[in-house]
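Engineer: Sharing a structure here in structure tokens format.
In UniProt numbering, the protein residues as written are 1 to 421.
Listed below in structure tokens is the structure:
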């Protein structure tokens, strides 16, 4: 009799296993007895021959081997499932922080809530303010992790130290694998996008970043901060020579992040994070390559905003956004794509958190804080407007539906208020 086990494989019932060990013991005894008494005791039809007993033992051994294989297969499936769950962590939770750091911050918050000691009066210096912002960013990442993996907190409570470390390791493996896949995909796609521009000479190699970076006019221009005039040949030469005062890593207001590839150093928010390459890269990672290809290149038309698809073609498989239950853009997903886009423009041989003196972790944190650490109501309004713009590019169907829903609800509330008056 065969039963299903918790891993989706099959196991032999306890009765069958007991039968195997009973039969094995009896067979061993009968085999010995048969060998010693073969000359005096004739075999009967009720007593299996030595050959039959050996065949039965082999058959039952194969059954037990299948049991072990089923358990191993189930364990492998569980491992694969956990690794798959981790693939969204770098994309939408935290690109750089490890899982234990997120858990530690959550534990620290819980301890502080239970602490009856005198409360802190809050940050009083720039250092403590920055430290608090780092903590807030970390805790928000933890909350995003719990939203992404609902069973995460239950596993924290019900798993011991060694198993928990293994659980974290499997999630981290999935997270880093996804990042590597996205970097490889973007490396190729970015070359294909930029090679469509007549000005991209020599053409970029989709398989290698070796000819990118500052030394290539196209990628160098996109990597240039808006504080410098890349079109000025003399300034371009100084930037390439890393002369004093011409530091490419001195600013995160970089042309590849801007609408039309250009920005105003006196008004850095104008057009920031509205670049067509950024929208294409986001679509590539979170929706599909085909949706990325539909985003319009605004390099030659600064008055045309990048636009996503206005149609909803039939999907052949779930997108990353669907798997992560993302139906709106988030600060962390935009920051993730921005870092990968910038990195893909460089000539870095492999993934590095710092390249050419530019810290990608600090860039990532800066973009998150651009959204989350607003200084007043006007800044909040600008961020809301930016989110609305982004959602129209990436999730146009849902954005239109939400707009219609709000309009209907506003009309309903207005008419109800009139009747109540």
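Think of the CB as a built atom: it goes at the ideal place given N, C-alpha and C, for glycine as much as any other residue.
Report the CB separation of residue 226 from residue 197 in whole angstroms; it is logged as a contact under 8 Å.
Structural biologist: Locating residue 226 in the chain shown gives position 226, where the first residue counts as 1. Locating residue 197 in the chain shown gives position 197, where the first residue counts as 1. About 20 Å; that fails the 8 Å criterion.
Engineer: Roughly how many angstroms lie between the CA atoms of residue 75 and residue 82, to the nearest whole one?
Structural biologist: Counted from its first residue, the chain shown places residue 75 at position 75. Counted from its first residue, the chain shown places residue 82 at position 82. Only weak support exists for where residue 75 lies, its pLDDT of 47 falling under 50; the coordinates are left without a value.
Engineer: How many whole angstroms separate the CB atoms of residue 297 and residue 276, which I take to be in contact at a CB cut-off of 8 Å?
Structural biologist: By one-based count along the chain shown, residue 297 stands at place 297. By one-based count along the chain shown, residue 276 stands at place 276. With 8 Å as the limit, residue 297 and residue 276 qualify as a contact, their Cβ atoms being about 6 Å apart.
Engineer: According to DSSP, which residues form a beta bridge with residue 254?
Structural biologist: Within the chain shown, the letter at position 254 stands for residue 254. Per DSSP, 225.
Engineer: Cα separation between residue 391 and residue 64?
Structural biologist: Within the chain shown, residue 391 is the residue found at index 391, counting from 1. Within the chain shown, residue 64 is the residue found at index 64, counting from 1. In a straight line, the C-alpha of residue 391 is about 55 Å away from that of residue 64.
Engineer: Select from 137, 348, 330 the residue whose C-alpha is nearest the C-alpha of residue 212.
Structural biologist: For the purposes of this step, residue 212 is taken as residue 212 along the chain shown, with counting starting at 1. Selection 137, 348, 330 evaluated against residue 212 yields 348 as nearest (Cα-Cα).
Engineer: Going by DSSP, name the residue or residues bridged to residue 354.
Structural biologist: Reading the chain shown from its first residue, position 354 is the one you call residue 354. In the DSSP assignment, residue 354 is bridged to 359.
Engineer: Residue range of the alpha helix (DSSP H) that residue 295 falls in?
Structural biologist: Position 295 of the chain shown, counting from 1, holds the residue named residue 295. Counting along the chain, residue 295 falls outside any alpha helix (DSSP H), and DSSP gives it neither H nor E.
Engineer: Are the CB atoms of residue 183 and residue 343 within a distance shorter than 8 Å?
Structural biologist: The sequence position of residue 343 within the chain shown is 343, counting from 1. The sequence position of residue 183 within the chain shown is 183, counting from 1. Yes, these two residues count as a Cβ contact at 8 Å.
Engineer: Decide if residue 128 is buried, meaning its Cβ has at least 16 other Cβ atoms within 10 Å, or exposed.
Structural biologist: Residue numbering aside, residue 128 sits at position 128 when the chain shown is read from its first letter. By the neighbour-count rule (16 or more Cβ atoms within 10 Å), residue 128 is not buried but exposed.
Engineer: Quick check on the burial criterion: 16 or more other C-beta atoms within 10 angstroms. Buried or exposed for residue 186?
Structural biologist: In the chain shown, the residue the question calls residue 186 occupies position 186. Residue 186 is buried by the Cβ-count criterion.
Engineer: Measuring alpha carbon to alpha carbon, tell me which residue in 369, 59, 339 is nearest residue 358.
Structural biologist: Start at 1 with the first residue of the chain shown, and residue 358 comes out as number 358. With distances taken between Cα atoms, residue 358 lies closest to 339.
Engineer: Run through the segment 96-183 for me and flag every whole alpha helix (DSSP H) of 4 or more residues, listed as ranges in chain order.
Structural biologist: 99-114, 126-148, 152-158
Engineer: Going by C-alpha to C-alpha distance, which of 233, 132, 274, 282 sits closest to residue 253?
Structural biologist: For the purposes of this step, residue 253 is taken as the residue at position 253 of the chain shown. Of the candidates 233, 132, 274, 282, the one whose C-alpha sits nearest the C-alpha of residue 253 is 274.
Engineer: Straight-line CA distance for residue 356 to residue 220?
Structural biologist: Numbered from 1 along the chain shown, position 356 holds the residue referred to as residue 356. Numbered from 1 along the chain shown, position 220 holds the residue referred to as residue 220. Rounded to the nearest angstrom, the two C-alpha atoms are 13 Å apart.
Engineer: Do residue 172 and residue 86 have their C-beta atoms within less than 8 Å of each other?
Structural biologist: For the purposes of this step, residue 172 is identified with residue 172 of the chain shown, where counting begins at 1. For the purposes of this step, residue 86 is identified with residue 86 of the chain shown, where counting begins at 1. For residue 172 and residue 86, yes; Cβs fall inside 8 Å.
Engineer: What is the DSSP secondary structure of residue 2, counted as helix, strand or coil?
Structural biologist: The residue you call residue 2 lines up with position 2 of the chain shown. Note that residue 2 scores 41 on pLDDT, short of 50, meaning its location in the model is unreliable; the coordinates nonetheless yield the value given after this. Note: residue 2 maps to strand in three-state DSSP.
Engineer: Within a Cβ cutoff of 8 Å, which residues of the same chain sit near residue 328, ignoring the five residues on either side of it in sequence?
Structural biologist: Along the chain shown, read from residue 1 onward, the residue named residue 328 stands at position 328. Excluding positions up to five away in sequence, the list reads 387, 391, 395, 398.
Engineer: Taking the beta carbon of residue 265 as the centre, do at least 16 other beta carbons fall within 10 Å, making it buried, or is it exposed?
Structural biologist: Counting from 1 along the chain shown, the entry for residue 265 is found at position 265. Residue 265 is exposed by the Cβ-count criterion.
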